[in-house]
Amino acid sequence: MRLLAGLPLIACIMQAKANLDTSFKLEDLADSLQPEFGLAGLETKGKGKGGFDDYLSLFLGPPSLNTSIPVYSTDLYSIEFSCLEFQDQIRAVFILEVTKSEEDSAFMLIDDLFAGEVAGIPSCPTRVLTEVDGPTGFKCVLGSDQGGGVSANFAGVEVQEASHFSIRFSDGSQALAGDQWGAVVYSGAEGNETLAKEFGIPSSCAFFGSPLAVKVPKDAGFKAPTVKKQTDEKKEGGLFGDLWPFKDGTGGKESGDFKLFPEGLKNLGLGGDYFGGLSSFAGKEEKGGFSGVRSFFLPSPSLNSTVTVLSTPTAELELACVARGERVFAAMLLTVKGGKQGISMVSEMPSPGDIPSDFPFEPCEDLPDLSVFPPDSEYTCLIETNNFDPTDGGNVQTEVDSQDYDEIHLRFSNGLQISYPDDSVATLLTSIGGNVNLTRFFDVPSSCAIFGPLSLEIPKGLSFQLNNQLPSMEKEKKNSGKDNEGPMKLGGLKDSLKFDWSLSNPIGSAISKSKGSSQLVNRPLNFFVAPASLNSTSNILSTESASVDFACVEDPGSNRVLGLYILTVKAGQKDTAFALESPSTSDNSPTDIVPFCEELQAERNALVVVPAGTELRCLLEWIGTDSLDETDVVVDAIDEVLIQFSDGFQITKGDQTSPVFLTGVNGNATLTDFFGVPSSCATAGRFNLLIPKGVKVDLLGGSGEFEV
């Protein structure tokens, strides 16, 4: 912790100049992998029969202009990353190609890509169900940047946000990339010497960022660039053109060249669980290599101080809780250290927001997109702030407010990478006097806390430490005895509707066995669920005190079919609580059916207390059709949802990572034939789960009725 006494600049601040050079050379990178470019280089052992259900961490760069590098493929389709020159512009794109075959296929996509084409390749149809004629095949632009690329004669380096996409295929696979999930690094047609020398980027385009959530069923022919097994002998660092599945150091089942979760996770992820064998990391210093996603919760110890979130010899992230008058700011700080050889960084970071003129940190947005830090230098800057103004609206407020941060994507020349997508990390803020419930339930002694997932690439040999101080209900449980004996059964919902993947319904699931972890566990949950009928639910996950379900609801009052994400929280013999960051209600929200979670109490109160012996049900997010008689398939995505429970359990999902697929009350034959959806609703998604010791979690645990 650093105390900001008088709030001076603490670190030695030096402005990095983009034209400075260092002695760090490409050959200094430890055994950088050089993949085969193009789809011919795709292979995994087992010929893709093992499937895949995990995160893919990507650092991609085609070898030259107008070439591609593969991301992954199935028997049905492939996804590539291409660097194209056309009409005197350089543009990086993700290209989807559906393979020609004897059978027709389909996909459902939502993205924010431009309409039109790139180098003669049309953009993929979005927000609709697209059928593909088998013998013809199909090729389209799936994703790109949000800045329009650069001119071919551009002489510098520019980093632009990547556009999101979430897509579901009729072979049972899906790929989910959240809003502003990564960054595209551009130079002109001649390339850039520093990018080539320091980062190994050989041409005019590269991509890095948060991992892509990929789910491919068995026997669908999953293939990806060959990756060496993660052993102590494997050398990492300066990884280029690499593709890493999520891993947590130990555990998992090896399948070909990938560490996968064991067979307990059923085909399409419909049932099963896995919580054993992963490494603990609560404030413990570790050594790379590591590639994956780790979630955390961290309170600030006091006002006008900093607390370290992530520490490495190259870079640090800190949370500063700063008071200015009656306002409280939660500021994310970045410190970069040049080390003995100097270090280079490519970055995409947001504006710091509304800050006072005397705020004690310079904004990182003043840095160039390519920054070179000389040896022995140290530079600290402000990435972004959230703030709490207790007098907002004219009334003094002492509630807890939640606000999320925009994205950051940082790539260093030694292979270190730190990322999180837009709206995926949140802060809890209150007034300078604190909040009694924030202290009672979440062990926050001050006015600020931060939680969410970080996407990390740590090269081998580089030490790192992610600090974590989860809230705990253990003291209250010890005083009162056990509250519950297992995952909750939702009041008013029936468990009579059960489906088995081996039977006729591909979307149902068997109840998974509950298992408590013996240590802190991070894991992704990629899912696809479809309620069996209107006014029924499909469970996504549940613990002894909370459940998240997807409901398909016919609402004659608004003349719509609704897809609802429902949170149910049940308190045992003691009060429980959760803190939430999610969108607020809009004018046409179905609050007459179920209230929005963020508006259960005061308007600015993101902390919800559930009294002992009671049960609460609320709406996290929703999508609806225009009418009950809708005949087409509506494809849309819900916004971010970040939940921290007082028992330490955490669920987070970024913006645009959970597409919802809806049609009218009479269903849609194409949706049923290609995707096995039995009624009018389905959803795909990815959750980041942080599971503390002793918390039992069931995944995809059955279906029930929804009472409107």
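Going left to right, the sequence shown walks through residues -18 to -1, 1 to 690 as mature numbering (1 follows the signal peptide of the UniProt record, and there is no 0) numbers them.
Glycine is no exception: its CB is placed at the ideal position from the N, C-alpha and C atoms.
- Put simply, of 524, 539, 556, 623 the residue whose alpha carbon is nearest the alpha carbon of residue 677 is 524.
- Inter-segment contact for the region 63 to 83 and the region 116 to 133 is present: three or more beta-carbon pairs are separated by less than 8 Å.
- At a Cβ-Cβ threshold of 8 Å, residue 74 and residue 166 count as neighbours.
- Look at residue 653 here: in three-state DSSP terms it is helix.
- Straight-line measurement puts the Cα of residue 295 at about 22 Å from the Cα of residue 176.
- A distance below 8 Å separates the beta carbons of residue 427 and residue 283.
- In the DSSP assignment, residue 604 is bridged to 546.
- Distance between residue 156 and residue 389, taken at the CA atoms: about 23 Å.
- Nearest to residue 635 by C-alpha distance, out of 94, 184, 405, 317, is 405.
- DSSP, reduced to helix, strand and coil, places residue 422 within a helical segment of the structure shown.
- One thing to note: residue 42 has its Cβ within 8 Å of the Cβ of residue 51.
- Counted as a single uninterrupted DSSP element, the beta strand (DSSP E) harbouring residue 306 occupies residues 297 to 306.
- Counting only runs that start and end inside the region 264 to 297, the beta strand (DSSP E) elements of at least 3 residues fall at 272 to 281, 287 to 293.
- Annotated as proximal: residue 185 and residue 173, with beta-carbon spacing under 8 Å.
- As DSSP reads the structure, residue 595 sits in no beta bridge.
- Between the beta-carbon of residue 402 and that of residue 196 there is about 19 Å, and that puts the pair past the 8 Å contact cut.
- The straight-line gap separating the alpha-carbon atoms of residue 623 and residue 382 is approximately 17 Å.
- Rounded to the nearest angstrom, the gap between the Cα atoms of residue 530 and residue 357 is 50 Å.
- Counting every other CB atom within 10 Å of its CB across the protein chains shown gives residue 82 a total below 16, marking it as exposed.
- Distance check between residue 106 and each of 86, 443, 79 places 79 closest, using alpha-carbon atoms only.
- In the DSSP annotation of this structure, the continuous segment of the beta strand (DSSP E) that includes residue 437 starts and ends at 430 to 440.
- In the structure shown, the three-state DSSP call for residue 664 is strand.
- Contact check for residue 552 and residue 594: beta-carbon distance about 10 Å, past the 8 Å limit, so the pair fails to qualify.
- Residue 364: member of the beta strand (DSSP E) spanning 360 to 370, first to last residue.
- Of the candidates 354, 598, 522, 312, 312 places its Cα closest to the Cα of residue 387.
- In terms of CA proximity to residue 517, 546 leads the group 361, 546, 385.
- Contiguous beta strand (DSSP E) elements confined to the region 122 to 195 occur at 140 to 143, 147 to 151, 156 to 159, 164 to 168, 187 to 191, taking only those with 3 or more residues.
- Restricting attention to 108, 189, 182, 682, the CA atom closest to the CA of residue 150 is found in 108.
- For the 8 Å CB-CB criterion, residue 180 and residue 395 form a contact.
- With a cutoff of 8 Å on beta-carbon distance, residue 408 and residue 384 are scored as near each other.
- Going by beta carbons, residue 620 and residue 671 fall outside the 8 Å limit.
- Here residue 330 is buried. Its C-beta has 16 or more other C-beta atoms within 10 Å.
- Short of 8 Å from the beta carbon of residue 652, and not among the five residues preceding or following it, lie these beta carbons of its own chain, in chain order: 88, 111, 113, 615.
- Residue state for residue 386 is assigned as strand, using DSSP reduced to three classes.
- One Cα belongs to residue 188, the other to residue 574, and the distance between them is close to 48 Å.
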